[in-house]
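Here's the structure we're looking at; comments come further down.
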Amino acid sequence: MSLIVDKEAVRKHLKELQNENKIVNWEDFVVTYKHEIAESCSSVDNGRIIKKLWIDEVTTICLEMDIKLKHHKSYNNWHVVEKLLLSKTTGSSQLPIPPVTESESVSSTSEQTSFGVPSSSSALGVKLVEAKKAEVLAIYEDMDNRLKWKLKSGRYVEDVMKLLVVELNYVHPVCDVVLDIDDDNWKAYFSAEDLYEIREHLDIEHETFPSCMQEFLDAIPKTNNISEIFRFILDKRVEPETNPELYWLVSSLEAVAYMFISKYIPITDQTERDLIRRVWCFIDTAFDFSELKFRSEKQCQGSKIMKNKKRKISAVERMDRQIHGQIPDMVISFGNYEFGMAEVAKEAANTKEINEGRIKCCEIMNAMLANIVETYPSLQHEMKIVGFLISGMKITLLELSNPFGFVKLLKREKPLHFPEHSMAFITRLFPLLKLIWVTKLDMEARLKQVLLAT
1 MSLIVDKEAV RKHLKELQNE NKIVNWEDFV VTYKHEIAES CSSVDNGRII KKLWIDEVTT
61 ICLEMDIKLK HHKSYNNWHV VEKLLLSKTT GSSQLPIPPV TESESVSSTS EQTSFGVPSS
121 SSALGVKLVE AKKAEVLAIY EDMDNRLKWK LKSGRYVEDV MKLLVVELNY VHPVCDVVLD
181 IDDDNWKAYF SAEDLYEIRE HLDIEHETFP SCMQEFLDAI PKTNNISEIF RFILDKRVEP
241 ETNPELYWLV SSLEAVAYMF ISKYIPITDQ TERDLIRRVW CFIDTAFDFS ELKFRSEKQC
301 QGSKIMKNKK RKISAVERMD RQIHGQIPDM VISFGNYEFG MAEVAKEAAN TKEINEGRIK
361 CCEIMNAMLA NIVETYPSLQ HEMKIVGFLI SGMKITLLEL SNPFGFVKLL KREKPLHFPE
421 HSMAFITRLF PLLKLIWVTK LDMEARLKQV LLAT
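Numbered continuously in full-length UniProt numbering, the sequence shown closes out at residue 454.
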């Protein structure tokens with residue numbers, strides 16, 4: 001068999017893909033040129049033969065152009081071509097979309113994101129409009145290679161992210177240059193080695209948990225008898241004004257023990273609001289003596305400021321209407337600067353949790369980070385924004401920062417679970433309370449950075 005190859009088009013494409021060292025990664029070429037590769041052959045042709053012929057053809061052209069074609073031993077993205085060849089036999093350019101179930105078919109929201117418009121099933125994805133996609137691509141194209149995040153493989157993280165933008169049909173965190181490496185979409189773009197290198201930067205660093213709080217936890221009887229623990233806590237009263245951190249710890253332990261004694265736990269028919277009001281209330285009270293304010297369902301100022309950044313007075317065209325910022329379930333702020341947020345879903349692993357954990361949290365946290373960095377550019381690679389994703393009785397800590405280049409990296413810690421049985425009171429509740437307190441200390445340290453910044 002032979003290929004129908006437009007060599008001039010291939011040369012032009014290779015020229016666009018090459019880096020400053022005149023290197024092109026084969027896996028990048030495959031992803032960005034997949035449609036032309038698929039069109040060059042029949043759906044019944046042997047995929048392995050097609051692959052070899054294309055490698056030989058592109059290698060020859062690269063030699064003529066003095067470009068080095070770099071192959072990854074175990075990762076080449078050829079599956080995207082095979083998918084297109086398969087679609088030829090089915091007569092469709094896309095794989096079949098499963099029917100939307102009643103539970104997934106949430107009524108269409110009127111909320112419009114920064115980059116798209118709601119689709120008829122907006123809970124399952126928001127269509128990315130072409131004009132906005134062009135804006136996003138322009139952002140990536142304007143990035144200076146000298147400032148990008150370069151991996152050991154020689155690839156720039158931003159360039160790999162741009163490959164996904166080219167393919168985008170729906171709004172995705174990559175539109176904000178946010179990289180969530182736990183998003184399985186990235187497996188088709190980064191090699192296993194690249195992913196491993198990026199994961200080396202995913203650990204979240206915390207402030208030290210106060211010794212007086214640890215000593216109190218160590219003194220609590222190691223028993224499954226909640227009444228015994230409750231009596232011990234009642235005997236250890238402290239003054240909130242003189243020892244606010246220990247008072248919070250004692251009162252939080254007492255409140256949870258009481259929920260067990262009163263049979264409020266295990267959870268039955270409680271709503272999202274019930275979970276915030278009773279089960280997770282110690283997140284709110286952790287900020288009672290802090291300069292940071294914890295508020296429910298308050299408009300995100302960072303989101304509002306970023307959305308209205310391009311407004312100008314009426315001249316040739318009328319002034320745009322003011323756009324409201326997004327409203328997370330909880331915001332942690334100081335004045336117009338926000339350092340954290342929380343989103344709550346009653347059930348884990350449902351559509352709402354996925355959307356809010358992967359999309360909404362990313363967008364809001366990115367706006368919070370951008371709002372601070374725009375005022376204090378010196379904090380660009382130091383500032384970090386916190387997110388709490390609460391799903392029923394589970395909480396996941398998120399952190400967004402810009403450690404290298406232009407990439408905002410989303411980190412997440414292993415989820416922690418609220419105890420639903422007396423046997424798990426100590427093993428689950430203690431790590432949970434420690435996480436909330438040290439994360440509060442983290443945010444206070446960042447507030448100090450902002451207040452001292454010039």
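Idealized CB from N, CA, C, for every residue including glycine.
What residues in its chain sit with their C-beta under 6 Å from that of W149, if we drop five residues either side in the sequence?
V157, F404, G405, V407
- Query: What residue does the alpha helix (DSSP H) around K9 start on, and which one ends it?
  - Reply: The amino acid at residue 9 is misidentified as Lys; the sequence shows Ala. Per DSSP, A9 belongs to the alpha helix (DSSP H) from 7-17.
Review point. From residue 456 to M383, what distance separates their C-alpha atoms?
Key: Limits of the chain in this structure are 1 at one end and 454 at the other, which puts residue 456 out of reach.
V386 beta carbon less than 8 Å from that of T439
yes
Whose CA, out of L433, I395, N402, lies closest to the CA of L416? I395
* Between V362 and M341, which are expected to be in contact by the criterion C-beta below 8 Å, what is the C-beta distance as a whole number of angstroms? -> A quick correction: the sequence has Cys, not Val, at residue 362. So it is not a contact: roughly 11 Å between Cβ atoms.
*When you compare only the Cα positions, how much space is there between N371 and E57?*
49 Å
Could you round the C-beta distance between K236 and V250 to whole angstroms and report it? I think they count as a contact, below 8 Å. 6 Å
task: Measure the alpha-carbon distance for L163 versus Y140 and round it to whole angstroms.
output: 10 Å
Problem set entry | Residues near A9 in its chain [Cβ-Cβ closer than 8 Å; skip 5 each side] | E36
Alpha carbon to alpha carbon, how far is C281 from F209? Give it in angstroms, no decimals. 20 Å
**Message:** Quick check on the DSSP output: the alpha helix (DSSP H) that includes M368 runs from which residue to which?
**Reply:** 361-375
Does DSSP classify M393 as helix, strand or coil?
coil
Just mark L275 as buried or exposed, buried being the case when its beta carbon has 16 or more other beta carbons within 10 Å.
-> buried
Note to self: Within a Cβ cutoff of 7 Å, which residues of the same chain sit near N366, ignoring the five residues on either side of it in sequence?
What the structure shows: D176, V178, L400, K408
Mind checking F289: buried by the 16 CB within 10 Å criterion, or exposed?
exposed
Exercise. Roughly how many angstroms lie between the CA atoms of V129 and N77, to the nearest whole one?
Worked result: 26 Å
Rounded to whole angstroms, what's the CA-CA distance from P240 to M213? Just pull it up for me. 14 Å
Let me check understanding here. Comparing Cα to Cα, which of P419, D66, E200 lies closest to residue 501? Outside the displayed range of the chain (1 to 454) lies residue 501, so it cannot be described from this structure.
According to DSSP, what are the bridge partners of N25? K70
- Near K22, what residues of its chain come up, given a Cβ to Cβ distance below 7 Å and the 5 sequence neighbours on each side ignored? D66, I67, K68
Query raised in the report: Nearest to E64 by CA position, among L84, M259, K12, V80, is which residue?
Result: K12
Practice task
Use the C-beta contact count for P266: other C-beta atoms within 10 angstroms, 16 or more gives buried, fewer gives exposed.
Solution key: exposed
By a C-beta neighbour count over all protein chains shown, 10 Å radius and 16 as the cutoff for buried, is residue 474 buried or exposed?
The structure shown does not extend to residue 474, since the chain spans only 1 to 454, so no value can be given for it.
**Q.** Whole-angstrom C-beta distance between I55 and C41, which should lie under 8 Å
**A.** In fact, because the Cβ distance is near 14 Å, the residues do not count as touching under 8 Å.
Exercise for the section: Grab me the residues of D180's own chain with a C-beta within less than 7 Å of its C-beta, minus the 5 sequence neighbours each way, in chain order. Expected result: P173, R358, C362, L410
Nonlocal neighbours in the same chain, by C-beta distance under 8 Å from N402, ignoring five residues either side
L369, V373, Q380, H381, M383, K408, L409
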